[in-house]
Amino acid sequence: MESPFKRHRDVILGYYSTAHRLRMCVLSLWNGDDYPFKLHWIGGMDQKHYAIFQEMLESYRRHGECDPEFMALANEVRARLKAEAATEQAGLADDWSDS
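As numbered in this note's numbering, the sequence shown has no gaps in its residue numbers, which increase by one up to the final residue, 116.
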């Protein structure tokens with residue numbers, strides 16, 4: 018059976034708010050101390066995204082970090098989050114230096 022972390026990778030990596038929340042779920046499963054997931058976010062999910070969320074939880078419950086697709090996606094999401102933070106920080110530094 019294909020991992021939901023592979024099957025739904027493109028949705029999870031999308032550039033919109035619900036995809037961001039799914040990415041935060043992935044990171045929270047990987048390291049909930051550093052990446053907490055806010056459960057009230059599920060209230061804003063449509064059926065498609067909620068089903069993906071449920072599949073991810075069930076898969077993680079069964080396989081944990083032994084799923085290589087989960088670990089690969091978690092590392093990719095973490096790298097993207099760091100890159101986005103660095104880009105934002107650079108923009109703030111540019112704004113400050115232009116003042």
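Note that beta-carbon positions come from the ideal geometry of N, C-alpha and C, so glycine has one too.
The C-beta distance from V43 to L90 rounds to 6 Å, short enough to fall under 8 Å. Contact between the region 100 to 110 and the region 59 to 69 is absent, with fewer than three C-beta pairs closer than 8 Å. The beta-carbon separation of F87 and S20, rounded to 7 Å, stays under the 8 Å limit for a contact. With fewer than 16 other Cβ atoms inside 10 Å of its own Cβ, R97 counts as exposed.
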